[in-house]
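Okay, structure coming up:
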(Lines of atoms letter the chains of each structure in order from A and count residues from 1; the text may use other names and numbers.)
(Lines give C-alpha, C1' and ligand atoms only; values in the text may rest on other atoms or scores of the structure.)
Protein backbone atom coordinates (compact mmCIF):
# COMPACT_ATOMS: atom_id res chain seq x y z
CA UNK A 1 0.00 0.00 0.00
CA UNK A 2 2.79 2.40 0.92
CA UNK A 3 4.65 1.69 -2.36
CA UNK A 4 1.47 2.26 -4.39
CA UNK A 5 0.93 5.69 -2.78
CA UNK A 6 4.49 6.70 -3.59
CA UNK A 7 4.03 5.61 -7.25
CA UNK A 8 0.80 7.62 -7.48
CA UNK A 9 2.58 10.70 -6.16
CA UNK A 10 5.40 10.24 -8.71
CA UNK A 11 2.83 9.94 -11.52
CA UNK A 12 1.10 13.12 -10.32
CA UNK A 13 4.40 15.02 -10.29
CA UNK A 14 5.33 13.71 -13.75
CA UNK A 15 1.87 14.70 -15.02
CA UNK A 16 2.28 18.21 -13.70
CA UNK A 17 5.74 18.43 -15.25
CA UNK A 18 4.32 17.36 -18.63
CA UNK A 19 1.57 19.97 -18.32
CA UNK A 20 4.18 22.63 -17.46
CA UNK A 21 6.28 21.52 -20.48
CA UNK A 22 3.25 21.80 -22.75
CA UNK A 23 2.34 25.20 -21.31
CA UNK A 24 5.90 26.54 -21.70
CA UNK A 25 6.13 25.14 -25.21
CA UNK A 26 2.81 26.76 -26.05
CA UNK A 27 3.97 30.06 -24.64
CA UNK A 28 7.18 29.78 -26.66
CA UNK A 29 5.27 29.24 -29.91
CA UNK A 30 2.84 32.07 -29.05
CA UNK A 31 5.81 34.39 -28.37
CA UNK A 32 7.43 33.44 -31.67
CA UNK A 33 4.21 34.06 -33.55
CA UNK A 34 3.64 37.37 -31.72
CA UNK A 35 7.20 38.52 -32.44
CA UNK A 36 6.73 37.56 -36.07
CA UNK A 37 3.50 39.55 -36.26
CA UNK A 38 5.06 42.45 -34.35
CA UNK A 39 8.33 42.71 -36.28
CA UNK A 40 7.42 41.40 -39.71
CA UNK A 41 3.67 42.02 -40.07
CA UNK A 42 3.80 45.11 -37.77
CA UNK A 43 0.38 44.59 -36.17
CA UNK A 44 1.00 47.51 -33.76
CA UNK A 45 2.02 49.83 -36.61
CA UNK A 46 5.29 50.67 -34.91
CA UNK A 47 6.91 51.37 -38.23
CA UNK A 48 4.28 53.97 -39.08
CA UNK A 49 4.63 55.50 -35.63
CA UNK A 50 8.41 55.63 -35.94
CA UNK A 51 8.13 57.20 -39.37
CA UNK A 52 5.61 59.74 -38.10
CA UNK A 53 8.11 60.86 -35.49
CA UNK A 54 10.61 61.45 -38.27
CA UNK A 55 8.11 63.48 -40.29
CA UNK A 56 7.55 67.17 -39.75
CA UNK A 57 5.68 69.86 -41.62
CA UNK A 58 7.79 71.81 -44.02
CA UNK A 59 8.74 75.34 -42.96
CA UNK A 60 5.78 77.74 -43.42
CA UNK A 61 6.37 81.49 -43.73
CA UNK A 62 3.56 83.96 -43.09
CA UNK A 63 2.29 85.85 -46.08
CA UNK A 64 3.06 89.49 -46.65
CA UNK A 65 0.89 92.44 -45.66
CA UNK A 66 0.84 95.16 -48.30
CA UNK A 67 -1.03 98.42 -48.74
CA UNK A 68 -3.60 98.98 -51.50
CA UNK A 69 -0.80 99.88 -53.93
CA UNK A 70 1.43 96.90 -53.13
CA UNK A 71 3.80 98.66 -50.73
CA UNK A 72 5.18 96.05 -48.30
CA UNK A 73 4.18 96.65 -44.69
CA UNK A 74 5.00 93.26 -43.13
CA UNK A 75 6.98 90.26 -44.37
CA UNK A 76 8.72 87.14 -43.10
CA UNK A 77 12.47 86.80 -42.96
CA UNK A 78 14.27 83.56 -42.17
CA UNK A 79 16.87 83.48 -39.41
CA UNK A 80 18.78 80.76 -37.58
CA UNK A 81 19.89 79.95 -34.05
CA UNK A 82 23.32 78.30 -33.85
CA UNK A 83 23.73 75.41 -31.38
CA UNK A 84 26.65 73.21 -30.30
CA UNK A 85 25.93 69.60 -29.22
CA UNK A 86 28.46 68.30 -26.70
CA UNK A 87 27.83 64.61 -27.48
CA UNK A 88 29.03 65.11 -31.07
CA UNK A 89 32.20 67.08 -30.29
CA UNK A 90 35.04 66.34 -32.73
CA UNK A 91 36.79 69.63 -31.96
CA UNK A 92 37.94 71.28 -28.76
CA UNK A 93 36.18 74.44 -27.59
CA UNK A 94 39.23 76.41 -28.72
CA UNK A 95 39.13 74.89 -32.20
CA UNK A 96 35.40 75.55 -32.53
CA UNK A 97 35.85 79.14 -31.40
CA UNK A 98 38.60 79.61 -33.98
CA UNK A 99 36.37 78.36 -36.80
CA UNK A 100 33.10 80.05 -35.77
CA UNK A 101 34.21 83.47 -34.50
CA UNK A 102 34.45 85.10 -37.98
CA UNK A 103 30.87 84.08 -38.81
CA UNK A 104 29.20 84.68 -35.46
CA UNK A 105 31.00 88.01 -34.98
CA UNK A 106 31.81 87.04 -31.41
CA UNK A 107 35.09 87.03 -29.50
CA UNK A 108 36.71 83.60 -29.27
CA UNK A 109 36.69 83.88 -25.51
CA UNK A 110 32.92 84.45 -25.52
CA UNK A 111 32.36 81.28 -27.57
CA UNK A 112 34.73 79.23 -25.37
CA UNK A 113 32.99 80.46 -22.19
CA UNK A 114 29.58 79.47 -23.60
CA UNK A 115 30.82 75.98 -24.49
CA UNK A 116 32.48 75.45 -21.12
CA UNK A 117 29.31 76.13 -19.14
CA UNK A 118 28.62 72.42 -19.23
CA UNK A 119 25.22 72.24 -20.93
CA UNK A 120 24.53 69.35 -23.31
CA UNK A 121 23.07 71.66 -25.97
CA UNK A 122 24.67 75.11 -26.09
CA UNK A 123 23.11 78.15 -27.77
CA UNK A 124 26.00 80.05 -29.36
CA UNK A 125 24.07 82.79 -31.16
CA UNK A 126 20.50 83.72 -32.04
CA UNK A 127 19.08 85.26 -35.21
CA UNK A 128 21.89 84.55 -37.67
CA UNK A 129 20.95 85.48 -41.25
CA UNK A 130 20.60 82.96 -44.06
CA UNK A 131 23.89 83.81 -45.79
CA UNK A 132 25.85 83.34 -42.57
CA UNK A 133 24.02 80.07 -41.88
CA UNK A 134 25.03 78.73 -45.31
CA UNK A 135 28.66 79.63 -44.62
CA UNK A 136 28.57 77.80 -41.27
CA UNK A 137 27.04 74.72 -42.94
CA UNK A 138 29.98 74.58 -45.37
CA UNK A 139 32.36 74.20 -42.42
CA UNK A 140 31.00 70.65 -42.00
CA UNK A 141 31.09 70.72 -38.20
CA UNK A 142 29.28 67.66 -36.84
CA UNK A 143 28.73 69.27 -33.44
CA UNK A 144 27.03 72.37 -34.84
CA UNK A 145 23.33 72.55 -35.78
CA UNK A 146 21.24 75.39 -37.18
CA UNK A 147 17.64 75.90 -36.05
CA UNK A 148 15.64 77.75 -38.68
CA UNK A 149 12.85 80.11 -37.60
CA UNK A 150 10.62 82.93 -38.81
CA UNK A 151 11.38 86.54 -38.07
CA UNK A 152 8.59 89.02 -38.79
CA UNK A 153 9.90 92.26 -40.28
CA UNK A 154 8.10 95.59 -40.76
CA UNK A 155 9.91 97.56 -43.50
CA UNK A 156 8.02 100.83 -42.87
CA UNK A 157 8.78 100.84 -39.11
CA UNK A 158 6.11 102.90 -37.26
CA UNK A 159 3.87 103.46 -40.29
CA UNK A 160 0.35 102.10 -39.60
CA UNK A 161 1.68 100.12 -36.61
CA UNK A 162 -1.66 99.88 -34.79
CA UNK A 163 -3.38 98.64 -37.95
CA UNK A 164 -0.75 96.08 -38.97
CA UNK A 165 -0.07 95.06 -35.39
CA UNK A 166 2.76 92.70 -34.46
CA UNK A 167 3.44 88.96 -34.48
CA UNK A 168 5.43 86.95 -31.93
CA UNK A 169 6.34 83.58 -33.52
CA UNK A 170 7.75 82.19 -30.26
CA UNK A 171 4.53 82.68 -28.28
CA UNK A 172 2.22 82.70 -31.33
CA UNK A 173 0.63 85.96 -30.17
CA UNK A 174 -0.39 88.85 -32.38
CA UNK A 175 -2.46 92.01 -32.70
CA UNK A 176 -3.97 94.10 -35.47
CA UNK A 177 -4.23 92.57 -38.94
CA UNK A 178 -1.51 90.10 -37.93
CA UNK A 179 -4.16 88.63 -35.63
CA UNK A 180 -7.42 89.12 -37.53
CA UNK A 181 -5.96 87.82 -40.81
CA UNK A 182 -3.96 85.00 -39.19
CA UNK A 183 -5.72 82.20 -41.08
CA UNK A 184 -5.06 83.80 -44.45
CA UNK A 185 -1.47 84.78 -43.66
CA UNK A 186 -0.69 81.18 -42.70
CA UNK A 187 -2.80 79.49 -45.38
CA UNK A 188 -0.95 77.17 -47.80
CA UNK A 189 -2.44 74.86 -50.41
CA UNK A 190 -0.59 71.72 -49.31
CA UNK A 191 1.11 71.30 -45.96
CA UNK A 192 4.05 69.23 -47.14
CA UNK A 193 5.60 66.77 -44.68
CA UNK A 194 9.20 65.55 -44.93
CA UNK A 195 11.30 63.10 -42.90
CA UNK A 196 14.07 64.63 -40.83
CA UNK A 197 16.94 63.46 -38.65
CA UNK A 198 16.98 64.35 -34.93
CA UNK A 199 19.14 67.32 -35.92
CA UNK A 200 16.55 68.56 -38.39
CA UNK A 201 18.22 67.53 -41.66
CA UNK A 202 15.94 66.29 -44.45
CA UNK A 203 15.97 62.52 -45.12
CA UNK A 204 15.76 62.05 -48.87
CA UNK A 205 14.14 58.79 -49.94
CA UNK A 206 12.56 57.67 -53.20
CA UNK A 207 9.30 59.50 -52.38
CA UNK A 208 10.90 62.82 -51.45
CA UNK A 209 10.43 65.73 -53.86
CA UNK A 210 13.71 67.67 -53.46
CA UNK A 211 12.21 70.96 -54.67
CA UNK A 212 9.11 70.88 -52.44
CA UNK A 213 11.10 69.55 -49.48
CA UNK A 214 13.63 72.39 -49.56
CA UNK A 215 11.35 75.27 -50.57
CA UNK A 216 9.66 77.19 -47.73
CA UNK A 217 5.89 77.40 -48.05
CA UNK A 218 4.46 80.91 -47.91
CA UNK A 219 1.01 81.99 -46.73
CA UNK A 220 -1.26 84.25 -48.72
CA UNK A 221 -0.64 87.97 -49.12
CA UNK A 222 -3.10 90.24 -47.32
CA UNK A 223 -3.82 93.55 -49.03
CA UNK A 224 -4.98 96.47 -46.91
CA UNK A 225 -7.27 99.33 -47.88
CA UNK A 226 -4.64 101.69 -46.43
CA UNK A 227 -2.84 104.04 -48.83
CA UNK A 228 0.70 104.50 -47.51
CA UNK A 229 0.92 108.05 -48.86
CA UNK A 230 -2.28 109.08 -47.07
CA UNK A 231 -1.17 107.17 -43.97
CA UNK A 232 2.10 109.09 -43.94
CA UNK A 233 0.30 112.44 -44.24
CA UNK A 234 -2.06 111.53 -41.38
CA UNK A 235 0.78 110.46 -39.08
CA UNK A 236 2.98 113.45 -39.96
CA UNK A 237 0.30 116.09 -39.40
CA UNK A 238 -0.93 114.44 -36.21
CA UNK A 239 2.59 114.15 -34.78
CA UNK A 240 3.37 117.79 -35.60
CA UNK A 241 0.27 118.99 -33.73
CA UNK A 242 0.84 116.60 -30.81
CA UNK A 243 4.35 118.00 -30.38
CA UNK A 244 3.24 121.61 -30.80
CA UNK A 245 0.34 121.38 -28.35
CA UNK A 246 1.99 118.91 -25.93
CA UNK A 247 -0.99 116.56 -26.22
CA UNK A 248 -1.09 113.06 -24.76
CA UNK A 249 -2.94 111.20 -27.52
CA UNK A 250 -4.49 111.71 -30.91
CA UNK A 251 -5.87 110.07 -34.01
CA UNK A 252 -6.65 110.80 -37.65
CA UNK A 253 -8.94 108.44 -39.57
CA UNK A 254 -9.65 108.77 -43.30
CA UNK A 255 -12.39 106.63 -44.81
CA UNK A 256 -14.23 106.28 -48.08
CA UNK A 257 -17.84 106.56 -46.81
CA UNK A 258 -19.27 104.84 -49.87
CA UNK A 259 -17.54 101.49 -49.32
CA UNK A 260 -16.16 101.64 -45.75
CA UNK A 261 -12.52 101.38 -46.81
CA UNK A 262 -10.09 102.99 -44.35
CA UNK A 263 -7.48 104.89 -46.38
CA UNK A 264 -5.49 106.31 -43.47
CA UNK A 265 -5.51 105.52 -39.76
CA UNK A 266 -3.00 107.33 -37.56
CA UNK A 267 -2.87 106.56 -33.84
CA UNK A 268 -0.64 108.30 -31.29
CA UNK A 269 1.25 107.25 -29.19
CA UNK A 270 2.72 105.07 -31.90
CA UNK A 271 5.35 102.35 -31.79
CA UNK A 272 7.71 100.36 -34.00
CA UNK A 273 6.42 96.78 -34.41
CA UNK A 274 10.00 95.65 -35.04
CA UNK A 275 10.64 96.46 -31.37
CA UNK A 276 7.19 95.77 -29.91
CA UNK A 277 8.65 93.79 -26.99
CA UNK A 278 10.17 97.01 -25.66
CA UNK A 279 6.86 98.89 -25.94
CA UNK A 280 4.46 99.42 -23.04
CA UNK A 281 1.02 97.79 -23.09
CA UNK A 282 -0.62 101.24 -23.07
CA UNK A 283 1.20 102.24 -26.25
CA UNK A 284 0.50 98.90 -27.95
CA UNK A 285 -3.24 99.34 -27.34
CA UNK A 286 -5.27 100.92 -30.12
CA UNK A 287 -7.13 103.33 -27.85
CA UNK A 288 -9.31 104.62 -30.71
CA UNK A 289 -11.13 101.26 -30.66
CA UNK A 290 -11.07 100.45 -26.95
CA UNK A 291 -11.42 103.76 -25.08
CA UNK A 292 -14.64 105.77 -24.94
CA UNK A 293 -15.14 109.50 -24.41
CA UNK A 294 -17.84 112.17 -24.77
CA UNK A 295 -17.76 113.29 -28.42
CA UNK A 296 -18.87 116.86 -27.73
CA UNK A 297 -20.19 119.10 -30.48
CA UNK A 298 -19.40 116.74 -33.38
CA UNK A 299 -22.37 114.75 -32.03
CA UNK A 300 -24.70 117.64 -32.93
CA UNK A 301 -24.60 116.38 -36.51
CA UNK A 302 -26.38 113.22 -35.30
CA UNK A 303 -28.82 115.18 -33.13
CA UNK A 304 -29.95 117.29 -36.09
CA UNK A 305 -30.16 114.14 -38.23
CA UNK A 306 -32.33 112.43 -35.60
CA UNK A 307 -34.63 115.46 -35.31
CA UNK A 308 -35.18 115.54 -39.08
CA UNK A 309 -35.49 111.75 -39.38
CA UNK A 310 -38.20 111.63 -36.69
CA UNK A 311 -40.04 114.58 -38.25
CA UNK A 312 -39.68 116.70 -35.11
CA UNK A 313 -37.87 119.42 -37.07
CA UNK A 314 -37.72 120.53 -40.70
CA UNK A 315 -34.75 121.96 -42.64
CA UNK A 316 -36.27 125.42 -42.24
CA UNK A 317 -37.20 125.05 -38.56
CA UNK A 318 -36.28 127.76 -36.07
CA UNK A 319 -35.02 126.60 -32.66
CA UNK A 320 -35.18 128.63 -29.47
CA UNK A 321 -31.71 129.48 -28.16
CA UNK A 322 -31.68 131.48 -24.93
CA UNK A 323 -27.93 131.07 -24.54
CA UNK A 324 -28.42 129.36 -21.19
CA UNK A 325 -31.00 126.98 -19.76
CA UNK A 326 -31.49 125.09 -16.52
CA UNK A 327 -32.89 121.58 -16.09
CA UNK A 328 -33.15 120.60 -12.44
CA UNK A 329 -29.71 121.17 -10.96
CA UNK A 330 -28.04 121.08 -14.36
CA UNK A 331 -27.21 124.28 -16.29
CA UNK A 332 -26.61 124.18 -20.03
CA UNK A 333 -24.76 127.13 -21.55
CA UNK A 334 -23.37 128.00 -24.95
CA UNK A 335 -19.60 128.32 -25.20
CA UNK A 336 -20.01 131.89 -26.54
CA UNK A 337 -22.68 132.94 -24.03
CA UNK A 338 -20.76 136.03 -22.95
CA UNK A 339 -20.52 137.19 -26.55
CA UNK A 340 -24.01 136.12 -27.69
CA UNK A 341 -26.11 135.86 -24.50
CA UNK A 342 -29.53 135.36 -26.14
CA UNK A 343 -29.51 134.45 -29.86
CA UNK A 344 -33.28 133.85 -29.88
CA UNK A 345 -34.91 131.80 -32.65
CA UNK A 346 -32.05 130.36 -34.71
CA UNK A 347 -31.84 128.36 -37.94
CA UNK A 348 -30.25 124.93 -38.12
CA UNK A 349 -27.36 126.40 -40.12
CA UNK A 350 -26.76 128.96 -37.35
CA UNK A 351 -26.98 126.18 -34.74
CA UNK A 352 -24.27 124.16 -36.48
CA UNK A 353 -22.10 127.16 -37.38
CA UNK A 354 -22.13 128.59 -33.84
CA UNK A 355 -22.30 125.15 -32.18
CA UNK A 356 -25.30 126.01 -30.01
CA UNK A 357 -25.55 123.75 -26.96
CA UNK A 358 -28.96 125.13 -25.97
CA UNK A 359 -30.36 124.77 -29.48
CA UNK A 360 -29.09 121.16 -29.70
CA UNK A 361 -30.51 120.36 -26.26
CA UNK A 362 -33.90 121.70 -27.32
CA UNK A 363 -33.91 119.54 -30.46
CA UNK A 364 -33.11 116.51 -28.30
CA UNK A 365 -36.03 117.37 -25.98
CA UNK A 366 -38.43 117.64 -28.94
CA UNK A 367 -38.05 113.89 -29.47
CA UNK A 368 -39.15 111.16 -27.10
CA UNK A 369 -36.23 109.27 -25.54
CA UNK A 370 -37.22 106.20 -27.57
CA UNK A 371 -37.21 108.13 -30.86
CA UNK A 372 -33.79 109.67 -30.25
CA UNK A 373 -32.34 106.38 -29.02
CA UNK A 374 -33.63 104.45 -32.04
CA UNK A 375 -31.96 106.77 -34.55
CA UNK A 376 -28.67 106.83 -32.63
CA UNK A 377 -28.72 103.05 -32.38
CA UNK A 378 -29.28 102.68 -36.13
CA UNK A 379 -26.33 104.98 -36.69
CA UNK A 380 -24.21 102.57 -34.66
CA UNK A 381 -23.87 104.45 -31.38
CA UNK A 382 -23.63 101.97 -28.50
CA UNK A 383 -22.53 99.19 -30.86
CA UNK A 384 -19.26 97.87 -32.24
CA UNK A 385 -18.62 99.17 -35.73
CA UNK A 386 -17.52 95.70 -36.84
CA UNK A 387 -14.11 96.83 -38.09
CA UNK A 388 -11.71 93.98 -38.83
CA UNK A 389 -9.36 94.81 -35.96
CA UNK A 390 -9.28 93.37 -32.45
CA UNK A 391 -10.07 95.11 -29.18
CA UNK A 392 -13.13 97.15 -30.19
CA UNK A 393 -15.47 98.50 -27.51
CA UNK A 394 -19.24 98.94 -27.85
CA UNK A 395 -19.24 102.43 -26.38
CA UNK A 396 -21.94 103.60 -23.97
CA UNK A 397 -25.48 104.52 -24.97
CA UNK A 398 -27.83 104.25 -21.98
CA UNK A 399 -31.23 102.67 -22.59
CA UNK A 400 -33.93 105.34 -23.04
CA UNK A 401 -35.87 104.35 -19.93
CA UNK A 402 -32.88 105.57 -17.91
CA UNK A 403 -32.98 109.06 -19.41
CA UNK A 404 -34.17 111.99 -17.37
CA UNK A 405 -34.57 115.40 -19.00
CA UNK A 406 -31.04 116.54 -18.20
CA UNK A 407 -29.57 113.32 -19.66
CA UNK A 408 -31.69 113.65 -22.78
CA UNK A 409 -30.76 117.32 -23.22
CA UNK A 410 -27.04 116.69 -22.70
CA UNK A 411 -27.25 113.86 -25.23
CA UNK A 412 -28.16 116.51 -27.80
CA UNK A 413 -24.78 118.25 -27.58
CA UNK A 414 -22.53 115.22 -27.08
CA UNK A 415 -22.34 114.43 -23.38
CA UNK A 416 -24.98 111.80 -22.69
CA UNK A 417 -23.25 109.05 -24.65
CA UNK A 418 -19.65 107.87 -24.80
CA UNK A 419 -18.19 106.75 -28.11
CA UNK A 420 -15.05 105.39 -29.68
CA UNK A 421 -13.35 107.26 -32.50
CA UNK A 422 -14.31 104.52 -34.95
CA UNK A 423 -17.97 104.72 -33.89
CA UNK A 424 -18.08 108.40 -34.76
CA UNK A 425 -16.53 107.68 -38.15
CA UNK A 426 -19.06 104.93 -38.80
CA UNK A 427 -22.07 107.01 -37.68
CA UNK A 428 -21.26 110.17 -39.65
CA UNK A 429 -20.32 108.14 -42.73
CA UNK A 430 -24.04 107.38 -43.12
CA UNK A 431 -24.69 111.11 -43.59
CA UNK A 432 -22.15 111.12 -46.42
CA UNK A 433 -23.58 108.01 -48.09
CA UNK A 434 -27.29 108.65 -48.52
CA UNK A 435 -28.03 107.27 -45.08
CA UNK A 436 -26.23 103.93 -45.59
CA UNK A 437 -23.69 102.92 -42.96
CA UNK A 438 -21.06 100.55 -44.36
CA UNK A 439 -18.87 98.44 -42.06
CA UNK A 440 -15.46 100.14 -41.81
CA UNK A 441 -12.57 97.86 -42.72
CA UNK A 442 -8.82 97.91 -43.25
CA UNK A 443 -8.49 94.65 -45.24
CA UNK A 444 -9.22 94.62 -48.97
CA UNK A 445 -11.69 91.80 -49.61
CA UNK A 446 -12.70 89.86 -52.68
CA UNK A 447 -16.35 90.33 -53.78
CA UNK A 448 -17.20 86.98 -52.15
CA UNK A 449 -15.52 87.90 -48.86
CA UNK A 450 -17.06 91.37 -48.93
CA UNK A 451 -20.55 89.93 -49.23
CA UNK A 452 -19.90 87.91 -46.08
CA UNK A 453 -17.97 90.41 -43.96
CA UNK A 454 -19.20 93.88 -44.95
CA UNK A 455 -22.64 94.97 -43.81
CA UNK A 456 -24.62 97.83 -45.32
CA UNK A 457 -27.32 99.32 -43.09
CA UNK A 458 -29.85 101.96 -44.12
CA UNK A 459 -29.51 103.91 -40.88
CA UNK A 460 -31.49 106.99 -41.95
CA UNK A 461 -33.36 107.97 -45.07
CA UNK A 462 -31.43 109.28 -48.09
CA UNK A 463 -33.42 112.52 -47.86
CA UNK A 464 -32.40 113.10 -44.23
CA UNK A 465 -28.74 112.41 -45.08
CA UNK A 466 -28.79 114.89 -47.97
CA UNK A 467 -30.52 117.59 -45.90
CA UNK A 468 -28.00 117.31 -43.05
CA UNK A 469 -25.12 117.34 -45.54
CA UNK A 470 -26.45 120.59 -47.06
CA UNK A 471 -26.87 122.15 -43.60
CA UNK A 472 -23.35 121.20 -42.57
CA UNK A 473 -21.85 122.41 -45.84
CA UNK A 474 -23.63 125.77 -45.54
CA UNK A 475 -22.53 126.20 -41.93
CA UNK A 476 -18.89 125.56 -42.89
CA UNK A 477 -19.13 127.88 -45.91
CA UNK A 478 -20.39 130.68 -43.65
CA UNK A 479 -17.49 130.25 -41.22
CA UNK A 480 -13.85 131.21 -41.11
CA UNK A 481 -12.90 127.75 -39.87
CA UNK A 482 -9.81 125.92 -41.10
CA UNK A 483 -12.10 123.24 -42.51
CA UNK A 484 -13.56 125.77 -44.98
CA UNK A 485 -11.33 124.70 -47.86
CA UNK A 486 -10.50 126.71 -50.94
CA UNK A 487 -11.31 124.10 -53.61
CA UNK A 488 -13.80 121.77 -51.95
CA UNK A 489 -17.11 122.14 -50.15
CA UNK A 490 -16.91 120.45 -46.78
CA UNK A 491 -19.78 119.12 -44.70
CA UNK A 492 -18.34 119.04 -41.22
CA UNK A 493 -18.42 119.99 -37.57
CA UNK A 494 -15.78 120.79 -34.97
CA UNK A 495 -16.10 119.78 -31.34
CA UNK A 496 -14.57 120.26 -27.91
CA UNK A 497 -15.46 118.12 -24.90
CA UNK A 498 -14.28 117.77 -21.32
CA UNK A 499 -12.32 114.65 -20.46
CA UNK A 500 -13.91 112.46 -17.77
CA UNK A 501 -11.82 111.84 -14.66
CA UNK A 502 -10.39 108.37 -14.24
CA UNK A 503 -11.86 106.10 -11.57
CA UNK A 504 -14.36 108.68 -10.32
CA UNK A 505 -17.26 110.84 -11.43
CA UNK A 506 -16.86 114.27 -12.92
CA UNK A 507 -14.64 115.91 -15.51
CA UNK A 508 -11.02 116.99 -15.46
CA UNK A 509 -9.58 120.19 -16.92
CA UNK A 510 -8.26 118.27 -19.93
CA UNK A 511 -10.14 118.50 -23.22
CA UNK A 512 -10.78 116.49 -26.36
CA UNK A 513 -10.50 118.66 -29.47
CA UNK A 514 -12.06 117.12 -32.56
CA UNK A 515 -13.46 117.65 -36.04
CA UNK A 516 -15.35 115.39 -38.41
CA UNK A 517 -16.23 116.14 -42.00
CA UNK A 518 -16.45 114.83 -45.55
CA UNK A 519 -15.75 116.18 -49.00
CA UNK A 520 -16.66 117.14 -51.61
CA UNK A 521 -20.04 117.69 -50.02
CA UNK A 522 -21.65 117.42 -53.47
CA UNK A 523 -20.27 113.88 -53.93
CA UNK A 524 -18.39 112.70 -50.82
CA UNK A 525 -15.20 110.73 -51.55
CA UNK A 526 -13.45 110.89 -48.18
CA UNK A 527 -14.49 111.33 -44.57
CA UNK A 528 -11.92 112.59 -42.06
CA UNK A 529 -12.09 112.44 -38.29
CA UNK A 530 -9.45 114.10 -36.12
CA UNK A 531 -9.34 113.91 -32.33
CA UNK A 532 -6.59 115.25 -30.07
CA UNK A 533 -6.55 114.40 -26.37
CA UNK A 534 -5.33 116.76 -23.64
CA UNK A 535 -3.53 119.47 -25.60
CA UNK A 536 -1.85 121.69 -23.02
CA UNK A 537 0.25 124.28 -24.84
CA UNK A 538 0.07 126.89 -27.58
CA UNK A 539 -3.08 128.83 -26.72
CA UNK A 540 -6.80 127.99 -26.38
CA UNK A 541 -7.82 124.38 -26.91
CA UNK A 542 -10.76 124.12 -29.30
CA UNK A 543 -11.69 121.81 -32.11
CA UNK A 544 -11.08 124.69 -34.50
CA UNK A 545 -7.64 125.59 -33.12
CA UNK A 546 -6.20 122.10 -32.54
CA UNK A 547 -8.00 119.54 -34.72
CA UNK A 548 -9.12 121.68 -37.69
CA UNK A 549 -5.59 122.60 -38.90
CA UNK A 550 -4.80 118.87 -39.12
CA UNK A 551 -8.06 118.29 -41.00
CA UNK A 552 -7.22 121.02 -43.52
CA UNK A 553 -3.80 119.66 -44.42
CA UNK A 554 -4.92 116.03 -44.51
CA UNK A 555 -7.94 116.91 -46.65
CA UNK A 556 -5.91 118.85 -49.20
CA UNK A 557 -3.22 116.19 -49.43
CA UNK A 558 -5.78 113.35 -49.71
CA UNK A 559 -7.57 115.23 -52.49
CA UNK A 560 -4.25 115.60 -54.32
CA UNK A 561 -3.23 111.95 -53.83
CA UNK A 562 -6.65 110.63 -54.88
CA UNK A 563 -7.03 113.23 -57.65
CA UNK A 564 -10.45 114.35 -56.40
CA UNK A 565 -12.11 116.88 -58.70
CA UNK A 566 -12.76 120.23 -56.95
CA UNK A 567 -16.39 121.27 -56.61
CA UNK A 568 -15.72 124.94 -55.87
CA UNK A 569 -15.00 127.59 -58.43
CA UNK A 570 -11.71 129.21 -57.48
CA UNK A 571 -11.57 132.91 -58.28
CA UNK A 572 -8.49 133.82 -60.28
CA UNK A 573 -6.83 137.01 -59.12
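In the working numbering, the protein residues as written are 457 to 1029.
C-beta atoms are modelled at their ideal positions from N, C-alpha and C, and glycine is treated no differently.
Spatial neighbours of residue i in its chain, beta-carbon cut-off 6 Å, leaving aside the 5 residues before and after
i: residue 822; result: 768
i: residue 755; result: 870
i: residue 1018; result: none
i: residue 763; result: 769 and 819
i: residue 612; result: 529
i: residue 861; result: 783
i: residue 913; result: 893
i: residue 588; result: 559
i: residue 999; result: 950, 951, 952, 969, 970 and 971
i: residue 729; result: 610, 617 and 622
Nearest-angstrom Cα separation, counted from residue j out to residue i
i: residue 877; j: residue 942; result: 27 Å
i: residue 591; j: residue 558; result: 10 Å
i: residue 898; j: residue 748; result: 21 Å
i: residue 772; j: residue 927; result: 10 Å
i: residue 685; j: residue 837; result: 31 Å
i: residue 698; j: residue 629; result: 31 Å
i: residue 858; j: residue 1013; result: 45 Å
i: residue 775; j: residue 938; result: 27 Å
i: residue 974; j: residue 982; result: 6 Å
i: residue 610; j: residue 955; result: 35 Å
i: residue 1024; j: residue 1007; result: 18 Å
i: residue 1021; j: residue 1011; result: 13 Å
i: residue 761; j: residue 921; result: 7 Å
i: residue 548; j: residue 568; result: 9 Å
i: residue 578; j: residue 586; result: 20 Å
i: residue 750; j: residue 639; result: 36 Å
i: residue 987; j: residue 963; result: 18 Å
i: residue 690; j: residue 792; result: 31 Å
i: residue 516; j: residue 673; result: 5 Å
i: residue 619; j: residue 633; result: 6 Å
Cβ separation of residue i and residue j, assumed to be a contact under 8 Å, to the nearest whole Å
i: residue 929; j: residue 865; result: 27 Å between Cβ atoms; not a contact.
i: residue 518; j: residue 606; result: 7 Å
Same chain only: Cβ atoms within 8 Å of residue i, ignoring 5 sequence neighbours per side
i: residue 782; result: 788
i: residue 833; result: 839 and 853
i: residue 688; result: 615
i: residue 544; result: 598 and 599
i: residue 940; result: 932, 933 and 946
Beta-carbon spacing of residue i, residue j below 8 Å
i: residue 705; j: residue 743; result: yes
i: residue 1037; j: residue 675; result: Because the chain here runs from 457 to 1029, residue 1037 falls outside it and cannot be looked at.
i: residue 924; j: residue 887; result: yes
i: residue 997; j: residue 991; result: yes
i: residue 881; j: residue 985; result: yes
i: residue 911; j: residue 842; result: yes
i: residue 745; j: residue 727; result: no
i: residue 603; j: residue 537; result: yes
i: residue 724; j: residue 695; result: yes
i: residue 947; j: residue 915; result: no
i: residue 719; j: residue 683; result: yes
Spatial neighbours of residue i in its chain, beta-carbon cut-off 7 Å, leaving aside the 5 residues before and after
i: residue 1001; result: 995
i: residue 716; result: 894, 895, 896, 897 and 910
i: residue 520; result: 528, 530, 531 and 677
i: residue 553; result: 564, 567 and 568
Min CB distance residue i to chain B below 8 Å
i: residue 682; result: Of the chains in the structure shown, none is chain B; there is only one protein chain.
Self-check item: Within the region 979-1027, ranges of the beta strand (DSSP E) (whole runs, at least 3 residues)
Solution: Within the region 979-1027, complete beta strand (DSSP E) segments of at least 3 residues are found at 982-989, given in chain order.
Quiz prompt | Contained alpha helix (DSSP H) runs [length at least 4] in the region 889-945, N- to C-terminal order | solution = DSSP runs (the alpha helix (DSSP H)) wholly in the region 889-945: 903-909 and 918-933.
Exercise. Just list the beta strand (DSSP E) runs in the region 534-562, keeping only unbroken ones of 3 residues or longer that don't cross its boundaries, in chain order.
Key: If only complete runs of 3 or more residues are kept, the region 534-562 shows no beta strand (DSSP E) anywhere.
Quiz item: Which whole runs of the alpha helix (DSSP H) in the region 556-626 are 4 residues long or more, in chain order?
Solution: Runs found: 564-571, 586-593 and 617-620.
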